[in-house]
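Undergrad: Just so you know, we're using the working numbering here: the sequence shown kicks off at 854 and counts up by one. The structure follows.
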Amino acid sequence: MLFRWLKQRRRQKLLAEPFPAPWLDILHERVALYRFLDPDQQARLRDTLRILVAEKAWEGCKGLVLTDDIRVTIAALMAVLVLGLKDAYYDNAPTILVYPQAFRVPEQHPIGGGVAMHSEGEHLGEAHYRGPVILSWADIEEDAAQPGFGENLVFHEFAHQLDMENGDADGVPLLPPALRRRWQQVMAPEFQRLRQAADRQRRTLLDPYGATNEAEFFAVATEEFFDRPLELRDVHPRLYDLLREYYRVEPAAWFERMG
Ligand SMILES: [Zn+2]
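In structure tokens form, the structure reads like this:
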């Protein structure tokens, strides 16, 4: 309780300072989605971003020297994901390890006593339960600059973190009671449909990697929702609506505005 109060105080103090001007340049130059947001959302993103930069333990790996460019870009994308959620700062993911590019999964990682829940085939990123989130900067740099392809490593890995907030990586994050039943009603058939398409090697809007299990389905659907929302809304309207209600934002409107 005291700890939470101190944390709250520290955050208020941090947000009372002016936003660092060089970081604003980074947002404008590197994070295309930032320009899609309205001024209120941009302000909210900047606040969340500062808290994430300040509170996470950021570490460069394989010789990567972490710069403000890297931290601000990653934190901005983390902030986009929770723009509509209240006080969501990924408290279960205190450490962020950044590799220069796609990495081989190292033999030993300090996973904070947790269990490695999964790792990506391409080793672009990993999310561990109560352990570090591991990311490849080369991929993030490209994702941040070019939305619209349905791919975003930060959205993917941090969707796993949201999923694990209530325990297992099972594709079901903490939900308001009103959404619980509908989550199953929408997610289960969408997941089955992707599995069938993947079995038949039929191309779909959603990345077939999402057919791996329910957790990957949620992560892949989240990438589409934030990075290619107009297409997701057209092709999977129920899935889009469900994610809109969960994330409490309307990314299709962002992309429509940018036309
Ligand atoms: Zn994944």
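Here a beta-carbon is modelled for each residue, glycine too, at the ideal position from N, C-alpha and C. As the structure is a prediction and not an experimental result, all values here were calculated from the model.
Excluding five sequence neighbours on each side, which residues of the same chain lie with their C-beta closer than 7 Å to the C-beta of Leu-917?
TA: Hits under 7 Å: Val-951, Tyr-952, Pro-953, Trp-990.
Undergrad: Tell me the rounded alpha-carbon separation between Glu-994 and Ala-928.
TA: Answer to the nearest angstrom: the Cα atoms are 12 Å apart.
Undergrad: Whose CA, out of Arg-899, Leu-886, Ala-1068, Gly-1024, lies closest to the CA of Pro-871?
TA: Among Arg-899, Leu-886, Ala-1068, Gly-1024, the Cα nearest to that of Pro-871 belongs to Arg-899.
Undergrad: Closer than 8 Å to a non-hydrogen atom of ligand 1 - does that hold for the CB of Glu-1069?
TA: True, at least one ligand heavy atom lies under 8 Å from that Cβ.
Undergrad: Starting from Tyr-952 and walking both ways along the beta strand (DSSP E), at which residues does that stretch end?
TA: Taken as a continuous stretch (DSSP letters only), the beta strand (DSSP E) holding Tyr-952 covers 948 to 952.
Undergrad: To the nearest angstrom, how far is it from the Cα of Arg-883 to the Cα of Leu-890?
TA: Their backbone Cα atoms lie some 14 Å apart in a straight line.
Undergrad: Could you tell me whether any non-hydrogen atom of ligand 1 is closer than 8 Å to the CB of Ala-980?
TA: Result yes, Cβ under 8 Å from ligand 1.
Undergrad: Is any non-hydrogen atom of ligand 1 found closer than 8 Å to the C-beta of Ala-1074, if you look at the structure I gave you?
TA: Outside the cutoff, so no.
Undergrad: Taking the C-alpha atoms as reference points, what is the distance between Gly-984 and Gly-913?
TA: Roughly 16 Å between the two C-alpha positions.
Undergrad: Expressed to the nearest angstrom, what Euclidean distance is found between the alpha-carbon atoms of Ala-946 and Gly-937?
TA: Between Ala-946 and Gly-937, the C-alpha separation is close to 19 Å.
Undergrad: Exposed or buried, what is Lys-866 when buried is set at 16 or more other beta-carbons lying within 10 Å of its beta-carbon?
TA: Exposed, because fewer than 16 other Cβ atoms sit within 10 Å of the Cβ of Lys-866.
Undergrad: Compare the Cα-Cα distances from Ile-949 to each of Met-931, Val-1088, Tyr-887, Lys-939 and report the closest residue.
TA: Here the closest residue by C-alpha is Met-931.
Undergrad: Around the C-beta of Val-968, are 16 or more other C-beta atoms found within 10 angstroms, so that it is buried, or is it exposed?
TA: Note that Val-968 scores a pLDDT of 34, beneath 50, so its modelled location is shaky; the value from the coordinates is reported in the next line. Exposed, by the Cβ-count rule.
Undergrad: Residues in the same chain with beta-carbon distance under 6 Å from Ala-1105, minus the five sequence neighbours each way, listed in chain order, please.
TA: If we look at Ala-1105 and ignore the five residues flanking it on each side, its Cβ neighbours are Pro-1082, Leu-1083, Arg-1086.
Undergrad: How many Å lie between Leu-934 and Asp-1052 at the Cα?
TA: Roughly 30 Å separates the two Cα atoms.
Undergrad: Heavy atom of ligand 2 less than 8 Å from the Cβ of Glu-1010, yes or no?
TA: Ligands in the displayed structure: ligand 1; ligand 2 is not one of them.
Undergrad: What does Ala-932 pair with, by DSSP beta-bridge criteria?
TA: Answer is none; Ala-932 lacks a bridge partner.
Undergrad: Please report the straight-line C-alpha distance between Thr-926 and Ala-1041, rounded to a whole angstrom.
TA: Going from the Cα of Thr-926 to the Cα of Ala-1041 covers about 33 Å.
Undergrad: Based on Cα-Cα distance, which residue from Leu-1047, Ala-997, Glu-1067, Gln-1054 lies nearest to Val-1088?
TA: For Val-1088, the nearest C-alpha among the options comes from Leu-1047.
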